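Here the sequence shown is numbered in full-length UniProt numbering, starting from 1 and rising by one per residue.
For glycine and all other residues, C-beta sits at the position ideal for the given N, C-alpha and C.
Fair warning: this is a prediction, and the values are worked out from it, not measured in the lab.
These notes are about the structure you will find just below.
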Amino acid sequence: MKTRSAVLHAQPGEYEVTEVELDGPRRGELLVRMAAVGLCHTDDHVAVGDSPASRLPVAGGHEGAGVVVGVGPETPGWAEGDHVVLSFTAVCGECRMCSTGRQNLCDLGGRLFGGGRIDDPTSFRMTYEGRPVVQAHGISALSEHTVVDVRSVVRIDPDVPLDKAALVSCGVATGWGSVTHMSDARAGDVVIVMGVGGVGINSVQAARAIGARAVIGVDPVDFKRECAEKLGATHTAATMEEASAIARSLTDGQGADATIVTVGVVDGGHVAEAVASVRKAGTVVLTGTGGMRQSGIPINNTMFTVFQKRLQGALFGGCNPRWDIPHLLTQYAAGTLRLDELVTRTYTLDEVAQGYRDMRAGHNIRGMVRFD
């Protein structure tokens with residue numbers, strides 16, 4: 001079939017709506033009609049060239065939800081009409097990482113960068129003018145229809161609105177889990193969230209939910225700080241210098257118990273500021289990403305050692321897609337996780353390039369493409 005997709009034809013470049021040829025679902029695959037897709041910085045890293053593409057063109061998007069409208073042969077357990085959230089971290093359920101409760105680090109993840117089928121990286125589901133089209137993270141969510149491996153989807157309760165479900169596909173789970181799974185923060189702690197956009201705003205929610213006595217949201221954009229206050233921040237600051245001073249004032253000069261780095265484009269200076277902001281034995285969770293070619297963090301190695309601080313990387317907030325995605329949606333249904341307030345503006349697929357421009361300009365907490 002033919003479908004329209006947001007495709008990156010050059011790097012650096014912008015996503016352009018392009019009609020592509022889409023294969024029907026094979027064994028172990030589903031055809032999904034997309035309902036909503038969040039605009040995440042990860043896809044923009046590819047567009048601007050921070051993250052090199054394995055090949056071009058690339059059909060973008062990885063944070064989305066939709067409805068199954070086709071099931072491949074010999075694919076038991078799935079049916080047309082199933083509501084699903086796409087998972088940019090495929091889950092085999094069998095490798096060492098999956099078997100030890102770290103589905104976000106599943107061994108299948110490395111196969112997704114090529115953009116072909118998981119079990120046959122030379123086979124592509126999308127083509128344009130006879131050339132293969134890479135599916136971002138194996139899913140290319142920014143498409144009217146997409147075909148995905150069943151290991152890259154999570155079935156959800158059909159009563160959950162799909163535009164809300166899409167948000168837990170990446171941004172919500174990543175921000176939430178960076179606190180609850182990766183930071184060791186607990187009730188009574190002081191937590192700094194560095195960058196309160198589409199990911200960090202959910203770290204604010206998580207820190208509030210675990211009972212942190214102070215949640216300090218840091219962002220240079222006024223309206224993002226205002227949103228952070230509405231969603232649980234007890235304090236806000238425009239700079240890490242201000243935030244660190246607040247944390248020290250609350251801890252007899254010690255500093256924050258945990259700092260979560262969720263800046264859209266991270267560099268070594270951001271990480272150094274975060275490390276400086278935490279107390280002895282404090283934890284910095286590095287969730288945001290920057291250029292793949294960047295290296296080096298300007299921290300004092302001796303002070304890092306003698307103060308016994310910890311720098312922890314976090315992919316998808318350490319979440320397990322098959323558990324955490326449905327679990328977060330049950331929290332939304334119960335009113336303990338807020339999703340309605342996260343989407344600043346919705347776009348059509350034809351407006352996708354503008355959506356990313358707005359994200360870079362700091363206009364949105366989360367922009368969302370809706371297909372209805």
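Under the three-state reduction of DSSP output, serine 277 falls in the helix class.
Taking 3 residues as the minimum length, the beta strand (DSSP E) runs contained wholly in the UniProt domain "Alcohol dehydrogenase-like C-terminal" (198-322) are 214-218, 235-237, 256-261, 278-286, 310-313, in order along the chain.
Straight through space, the alpha carbons of leucine 231 and proline 326 are spaced by roughly 21 Å. The C-beta distance from serine 5 to alanine 59 rounds to 4 Å, short enough to fall under 8 Å. Around tyrosine 15, the same chain offers Ala6, Val7, Leu8, Asp43, Ala47, Gly60, Leu142, Val352, Ala353, Tyr356 as residues with beta carbons nearer than 8 Å, after the five sequence neighbours per side are excluded. The Cβ-Cβ distance between valine 67 and histidine 83 falls below 8 Å. The region 233-249 makes contact with the region 207-215; the number of CB pairs closer than 8 Å reaches 3 or more.
Annotated as proximal: leucine 86 and serine 169, with beta-carbon spacing under 8 Å. With respect to the C-alpha of methionine 303, the residue from Val278, Leu342, Val69 having the closest C-alpha is Val278. In this model, threonine 180 and arginine 131 are separated by some 43 Å (Cα to Cα). When the beta-carbon positions are compared, alanine 136 and isoleucine 118 stay at least 8 Å from each other. A straight-line Cα-Cα distance of about 60 Å links valine 20 and aspartate 252. A buried status is given to alanine 207, since no fewer than 16 other beta-carbon atoms sit within 10 Å of its beta-carbon.
Around glycine 28, the same chain offers Gly72, Thr75, Asp149, Val150 as residues with beta carbons nearer than 7 Å, after the five sequence neighbours per side are excluded. When the beta-carbon positions are compared, glycine 317 and alanine 173 come within less than 8 Å of each other. Contact between the region 108-115 and the region 324-342 is absent: fewer than three C-beta pairs spanning the two stretches fall below 8 Å. In this structure, DSSP gives serine 140 a state outside helix and strand, which the three-state scheme calls coil. In summary, alanine 228 is buried, with 16 or more beta-carbon neighbours lying within 10 Å of its beta-carbon over all protein chains present.
Counting along the chain, leucine 162 sits inside the alpha helix (DSSP H) bounded by residues 162-165. Distance from the CA atom of serine 152 to the CA atom of leucine 250, rounded to whole angstroms, is 43 Å. With a 10 Å radius around the Cβ and a threshold of 16 neighbouring Cβ atoms, phenylalanine 223 comes out exposed. Rounded to whole angstroms, the gap between the alpha carbons of glycine 38 and methionine 240 is 27 Å. If you keep only unbroken beta strand (DSSP E) runs of at least 3 residues inside the UniProt domain "Alcohol dehydrogenase-like N-terminal" (27-153), you get 29-39, 64-71, 83-86, 126-128, 131-135, 145-149.
Isoleucine 297 and valine 265 have their C-alpha atoms roughly 14 Å apart. The beta carbon of threonine 234 sits closer than 6 Å to the beta carbons of Ala214, Val215 from its chain, once the five residues preceding and following it are set aside; these are given in chain order.
Going by beta carbons, alanine 237 and valine 218 fall inside the 8 Å limit. Nearest to alanine 361 by C-alpha distance, out of Arg322, Met292, Glu242, Gly197, is Gly197. Using a Cβ distance threshold of 8 Å, aspartate 189 and alanine 258 count as a contacting pair. For glycine 177, there is no enclosing beta strand (DSSP E); the enclosing alpha helix (DSSP H) covers residues 171-180. Cβ-Cβ distances below 6 Å link valine 160 to Leu329 in the same chain, with the five nearest sequence neighbours on each side left out; the list follows chain order.
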